[in-house]
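Numbering (UniProt numbering), first residue to last: 1 to 93.
A virtual CB, placed ideally from N, CA and C, is assigned to each residue, including glycine.
Just so you know, these numbers come straight off a predicted model, no measurement behind them.
Following this line, the structure appears as structure tokens:
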């Protein structure tokens with residue numbers, strides 16, 4: 001979990017409780033993904049992926065602030081870390 005501007009971001013995809021999931025800390029959340037934020041803290045990633053796909057469909061990949069500075073240019077700088085990895089687009093599609 002990461003605190004960010006009065007909300008908390010949960011799980012691998014850092015999904016905010018301000019709009020996407022429900023938490024006691026932010027009960028007025030829109031809860032667009034219709035899920036408890038705590039579900040993003042367990043080892044089951046299927047629900048995280050479903051919500052991340054919904055975020056991409058609604059807000060686009062630039063919803064994640066780190067995307068533009070870290071990923072919008074050529075990705076060769078990261079290739080050595082994940083030599084057999086596929087594109088995040090394949091993962092999210």
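The beta strand (DSSP E) spanning residue i covers which residue range?
| i | result |
| --- | --- |
| residue 3 | 2-4 |
| residue 10 | 7-10 |
Starting from residue i and walking both ways along the alpha helix (DSSP H), at which residues does that stretch end?
| i | result |
| --- | --- |
| residue 48 | 46-59 |
What's the C-alpha gap between residue i and residue j?
| i | j | result |
| --- | --- | --- |
| residue 17 | residue 56 | 16 Å |
| residue 14 | residue 35 | 14 Å |
| residue 3 | residue 10 | 9 Å |
| residue 38 | residue 59 | 22 Å |
| residue 12 | residue 30 | 20 Å |
| residue 23 | residue 62 | 24 Å |
| residue 5 | residue 20 | 15 Å |
Short of 7 Å in beta carbon distance, which residues of its chain neighbour residue i, apart from the five on each side in sequence? Order them along the chain.
| i | result |
| --- | --- |
| residue 47 | 35, 39 |
| residue 7 | 16, 17, 18, 26 |
| residue 54 | 32, 33 |
Looking only at its own chain, which residues have a Cβ that is under 6 Å from the Cβ of residue i, when we skip the five neighbours before and after it?
| i | result |
| --- | --- |
| residue 1 | 8, 10 |
Might you give, ordered along the chain, the residues of its own chain that have their beta carbon closer than 8 Å to the beta carbon of residue i, omitting 5 neighbours on each side?
| i | result |
| --- | --- |
| residue 45 | 12 |
**Segments assigned beta strand (DSSP E), at least 3 residues, entirely inside the stretch 13-46** = none
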